[in-house]
Each structure stands twice: as C-alpha cells, then as structure tokens.
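Everything in the sequence shown is counted per UniProt numbering, starting at 1 for the first residue and increasing by one. Read the structure below first, then the notes.
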Amino acid sequence: MPLNFKSINLPAPPRRTRTATGGGLVEADYQNITLYILILIGIGLRLFQFIYNRSFFIDELFLNVNIVKLDFWGLATRTFEYQQKAPLGYLWAVKLLTTVLGNSEQVLRLFSLLCGISSLFLFVPVARHFLRSWGVVIAVGVLSISYTFIYHSVEAKQYCTELTAAILALFLYTKYHDRTDLKSLLIWGVAGAILLWFSFSLIFIAAGIAGAVCLDALLRKEWRRFFMLLIPFTLWLVSFGVLYFLFVRKFHESAWLIDFFKRVDDAFMPLPPASVSDLTWLVRKPYSLLDRPLGLMLYFEPNADHSFLYYFLRMGWLYAPTIVLGAVLMLRKNRLNFSVLVLPVLLTMAASGLKVYPFHQRFLLFLGPVFLLMLAYGFERFCALFPRRYSLVALGLLLVLTPALVNSAEQVNDPHQVIKDYNREVVLFVNQNYKPGDAVYVYWNMRQAYEFYKAANYLKFNAIEASYVKNKSRNPADYINHLKPDFKGFKGKKRLWFIYDTNNRDPIGDFIDQPAWYHDQKFVPGKSLEQEFSKMGKQKAHYQLNTFNATLFELK
1 MPLNFKSINL PAPPRRTRTA TGGGLVEADY QNITLYILIL IGIGLRLFQF IYNRSFFIDE
61 LFLNVNIVKL DFWGLATRTF EYQQKAPLGY LWAVKLLTTV LGNSEQVLRL FSLLCGISSL
121 FLFVPVARHF LRSWGVVIAV GVLSISYTFI YHSVEAKQYC TELTAAILAL FLYTKYHDRT
181 DLKSLLIWGV AGAILLWFSF SLIFIAAGIA GAVCLDALLR KEWRRFFMLL IPFTLWLVSF
241 GVLYFLFVRK FHESAWLIDF FKRVDDAFMP LPPASVSDLT WLVRKPYSLL DRPLGLMLYF
301 EPNADHSFLY YFLRMGWLYA PTIVLGAVLM LRKNRLNFSV LVLPVLLTMA ASGLKVYPFH
361 QRFLLFLGPV FLLMLAYGFE RFCALFPRRY SLVALGLLLV LTPALVNSAE QVNDPHQVIK
421 DYNREVVLFV NQNYKPGDAV YVYWNMRQAY EFYKAANYLK FNAIEASYVK NKSRNPADYI
481 NHLKPDFKGF KGKKRLWFIY DTNNRDPIGD FIDQPAWYHD QKFVPGKSLE QEFSKMGKQK
541 AHYQLNTFNA TLFELK
C-alpha cells in the first residue's frame, strides 16, 4: 500500500495558559526564557573557547597552510598540500577574512565562529516547525551547549559551516516546501544552489528534501506542484553538477584514506554484511553518534572503568530509545517531515557503504540537527502523555541537558580538556629563543606546523625540513643514514634546534603501521635523531608539552 503523505500543518504554539492567580508569566514565556538563556550560554561558551585561542590541531594546520599560502584563484585551481580539500565557498570566505584581518589563528577560526553562533538562531524556527513547546528547548538547547558543537564552532575547518548549511537548508524547506509560485521556488532554488558551494555534505540533505517533497507531490497526484518543484531541484542539480565537474571529481579517494577510515574509524557500513560483527555495525555506529557529534553523553577519561555505573551515567540507554521513539512517532504523525529528516541519514549511510563518505564523528556534524529533532520529538510526545506534569518536564530537561552542560563547563574550568595540540607553543618557544646563526631542524611530523606559522609571518627563522625517507629505510640505522644529507645544513652553525613530535607516526598519504620497524613501540619518532645529534654536540635545553618537543644542542 503506498504511503499516504498527509497535509502538513505547522505545530500550534504552546497554549498561553495563565497561572492560578490569572496573572504573571505563562508557560510559553518560560519556554522562551529558558530557550534564549541556553542560546546565550552557548554563545558565551563559544566566545570563551575562541578567546582562549588554543593552538591549531594538526588537521587545522594541514588545511590552513594552504589557505594562507594561496590566493583566491589558487584556492580554486591548485592541488592542495597534504591532500586537503574543502568547499570553495568556505575557502573563499575564510580567505576574505584573512585578507582584511590578517593570518592569525583567530581570524582563520572567525568564519566558523560566525557560522556556529548563527546556527543557534537559525535552528529556532526550524525546531518550531518540527516541534512544539519544550521540545524546541531540548533541540536548540543541546545544539547550544554541547561541547562537540562548541568545539567545531571554533575550529578552523569546514565542519561548522556544513552544520549551518544543513540547518539553513532545513529552514528553507520549512519556508518554501508548500509554495507553488515561481518567485518563491526560484529563491529556494538559487539559495540551495549557492549553499552547495559551502558544504560537500549538503548534497545528502538536499537530496533527502527533494526526494521527500517530490514523493509527497506524486503520491497526492498534485502534478502541477510536482512539476513546479522541479524548478528549485533542477537548479540544485545543475549547481552540484558544476561543482562536481570542476572540483569534486578531482578528489579521488586514495586507497590509503579508505584503509584509514575502515581500520581506524570503522567508518564504512559493511555492504553487504558478511558476519554478526557487520550486522552489529548498524547498531554500534549510530549509537556512537550520541557521543560524537551530538555530545549528549557525560564525558569520562578514556581509561575509565567501563562498569555498569559508567554506562548508566552516560545515559545512552535513555537517549537512543528516545530518538527511536521520536522517529517512530513522527512517521505515524507526519510522514513528510519524517522523510525529510530520515532520508539524508539513509543516503549518508548508503554512501558510507559504497566507501565514498565516512560515517564517523565530525563528518556527521551536519546530521546533528536531524538527530536532535528526533530526540526532542520523542521527549515532547512522552511528556504529552502527562499534561501539566511540569516536574516531569523539568526532570526531562535535566536528564538531557545536564550532561552536555557539565562537559562544556568542565572544558571552561580546564581548557586543556579540549582536544589540543601544542604546535604553536613549541614552535614559538624556538622562535623566542632563536639567535642569529642557529640552525633549526624540523622533523617531518612537525613540518605542517612550521610551514603554517612561517607562512603566517609568526617566525623569524628559516628551518631545514627533514627529508621524508622512512618508507625507503629498512631499519632505524638505515633511516639515520638516509637523513644524513640533511645534516650538511648544520655546517658552520654554533647551535641546533630540533623540533619533533613523538606521537605522530603516519603522515598524510601513508598506509597506517607501515613500515613495521617504524611502528615498533621501542622506536620513538625523533628520539633516535636526538641521540645522533648528541654525538655532534651537547644538549643544552629541552622544552616539552605533551608529545611535542624542542631540543637545543650546542654543536662542537
């Protein structure tokens, strides 16, 4: 029996019931006050992390060294170093900001911050279309205070822009999906076509919306509406076609990257499933999204004991069933809205099964609003079973929002809990203590840090970059021999600075765990070179933050 898509009526606003005395605030007022308090907290948390200005993470360095080095035309036409890729709209927006404000890390993060803050306000009308009453507070509240959404709002990468593009696409759907006049459909088409240039992942949202709305029109036999809808969706298709032809088709997924996503991130849906483990992926992977990218579950240290109490306090047992409940009830209540939200998820999972898009953490940030709407709808419908039980509503709000708020508050109390590298601190330490005539040798796994901070005009020294020779070396001794030609650059120098990271063993483009001798736990990247340099002179100073190191030698 074909699906019968019912006509859509926007949810009625909460009843403005007066208090027992007939005066004072009404329930809708409390909802709005709570909602905007949460938004203000979310803005404050984002501004705190932005002002704190942690050092660039390695992935931020990989991308932004290209943004700093290349001009607008180069960003559109050149192959990026470190095999990076990002939507042209994002690249040009960030480049425009750096052209006006300079190449600092904060400027490179500014566009993400603006997207992160604007997404909070854009999500309000979207949530009010799919939800009512306290469900809106839940959905927008989690987006506001979850540490994962906050983190990506101050990350110099494109993921927060993709999140905002997804929310904007849903907003345009709520505004235009039932319009049939040419002007509205052209606006919808042009806006969607432009958005695709800011987000690769938006194609899943756009395809889901187009598929759901067209299917709705076909099942209703609304032929004029169906053909009118082809106007905006054709514009989207043309835009994506141009984008694909000019850019996306050049981004061939390398075998090493597919291997990494499969072995390290378990990011591809087994297709077809060949074992019980493959089947459990369909539960394991979606469940993991409660942690990242949604940030719903209480954070524990990685070495925490995985006891019953651990899983109880993480409360996945509450969030996962509530999302499923929300999806089921929305399917029964409003199949069009259900399809608009679920089809992008299914398309993304299918793409992961074809190994063309990873179903993993940050790559799924754009789907965050979808899951939050399902979660909030399940919460909302459950509370509707107990009208005027405000204590139950308050308990639900606490159970959903408290873990997210605790996680974010702990990161304010101790910003080092934020995923953080110390690239800037170590490189600038060398820069501050550098003397004319010093030699600086940068190990391959710190090259991206040196190249970024040098291109961004942070550094006064020119370094010797270590050759990348590990894959043609048979063992540690052979590795040192292959590096010795680099050492000729030390001739005539009185002091030598050596910058390295003891953790990163796999550069961009390499299969993980290769070669085997380099990944032996007894071999520590950089340490063998320290021993070699000790033969050339005496170690005078050592600066270390986590796995990031700078060592000074006084040469003989």
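Where is the CB? At the ideal position from N, CA and C, for every residue including glycine. Source: prediction; values computed, not measured.
field: For I209 and Y176, believed in contact at Cβ under 8 Å, the rounded distance
entry: The Cβ separation is near 10 Å, so there is no contact.
query: Hey, which unbroken runs of the alpha helix (DSSP H) at 4 residues or more fall wholly within the segment 307–349?
result: 308–314, 316–333
Of the residues S184, L131, K470, the one placed nearest W517, counting alpha carbons only: K470
field: Beta bridge counterpart(s) of H542 as assigned by DSSP
entry: T551
field: Counted within 10 angstroms of its Cβ, other Cβ atoms place Q521 as buried (16 or more) or exposed
entry: Under a 10 Å Cβ-count criterion, Q521 is classified as exposed, with fewer than 16 other Cβ atoms of the shown protein chains found around its own Cβ.
field: Beta carbon of L336 nearer than 8 Å to that of D216
entry: For the 8 Å CB-CB criterion, L336 and D216 form a contact.
task: For M536, count neighbouring C-beta atoms within 10 Å of its own C-beta (all shown protein chains included) and say buried if the count is 16 or more, exposed if not.
output: exposed
field: Beta-carbon proximity list for T322, same chain, < 7 Å, skipping 5 on both sides
entry: L375, G378, F379
field: Sequence-distant residues of its chain with Cβ nearer than 6 Å to K85 (five each side left out)
entry: F251
task: Taking the CB atoms as reference points, tell me whether L113 and V140 lie closer together than 8 Å.
output: no
query: Could you check where the beta strand (DSSP E) with F405 kicks off and where it finishes?
result: The displayed chain sequence assigns Leu, not Phe, to residue 405. Segment 390–413 is the alpha helix (DSSP H) holding L405; no beta strand (DSSP E) there.
- prompt: In or out: N334 buried (at least 16 other Cβ within 10 Å) or exposed?
  reply: buried
- prompt: Beta-carbon separation of R54 and K454 under 8 Å?
  reply: Not closer than 8 Å, so no.
message: Does the structure place the segment 342–357 close enough to the segment 268–280 that three or more beta carbon pairs sit under 8 Å?
response: Touching, per the Cβ criterion.
Collapsed DSSP secondary structure at V440 in the structure displayed: strand
message: Using only CA atoms, which one of F198, I231, G135 lies nearest to L182?
response: I231
- request: Using three-state DSSP, classify G22 as helix, strand or coil.
  value: Low per-residue confidence applies at G22: pLDDT is 46, beneath 50, and the placement is therefore not dependable enough to give any value.
message: Is the separation between the beta-carbon of F240 and that of L196 shorter than 8 Å?
response: Yes, the pair counts as a contact, with Cβ atoms nearer than the cut-off.
message: For R474, count the other beta carbons within 10 Å of its own beta carbon; 16 or more makes it buried, fewer makes it exposed. Which is it?
response: exposed
Whole-Å CB distance - I499 paired with V440, under 8 Å assumed: Distance from I499 to V440 at the Cβ level is roughly 7 Å; contact confirmed, criterion being Cβ atoms closer than 8 Å.
- prompt: What are the start and end residues of the alpha helix (DSSP H) that includes I258?
  reply: 255–263
message: Rounded to whole angstroms, what is the Cα-Cα separation between P403 and L298?
response: The C-alpha of L298 is placed about 5 Å away from the C-alpha of P403.
task: Check E530 in the structure and name its three-state DSSP category.
output: Helix at E530.
Which of helix, strand or coil DSSP assigns to L365: helix
Span of the alpha helix (DSSP H), counted from its first residue to its last, around L186: It spans 182–195 - the alpha helix (DSSP H) in which L186 sits, taken as one unbroken run.
message: Using 8 Å for Cβ pairs, my map puts K460 next to Y434. What's the rounded Cβ distance?
response: About 7 Å separates the Cβ atoms of K460 and Y434, confirming a contact at the 8 Å cut-off.
task: Return yes when the Cβ of R109 is within less than 8 Å of the Cβ of A156, no when it is not.
output: yes
- prompt: Skipping 5 residues on each side, what residues in its chain have a beta carbon closer than 7 Å to that of E530?
  reply: F498, T551
query: Hey, F72 and K95: beta-carbon distance below 8 Å or not?
result: When the beta-carbon positions are compared, F72 and K95 come within less than 8 Å of each other.
- prompt: Is V430 buried or exposed, if buried means 16 or more other CB atoms sit within 10 Å of its CB?
  reply: buried
task: Using 10 angstroms around the beta-carbon of R314, count the other beta-carbons present and answer buried if the total reaches 16, otherwise exposed.
output: buried
- request: Please go through the same chain and pick out, in chain order, the residues whose beta-carbon is closer than 7 Å to the beta-carbon of E451, but skip the five residues on each side of it.
  value: Result list for E451: V65, in chain order.
message: Could you check whether P125 and F198 sit closer than 8 Å to each other, using their CB atoms as the reference points?
response: no
field: CA nearest to the CA of E60, picked from A449, W256, S277
entry: A449
- request: Starting from the Cα of I187, find the closest Cα among V142, L235, I145 and give me that residue.
  value: L235
query: Considering only C-alpha positions, which residue in the set K69, F312, A76 is nearest to F245?
result: A76
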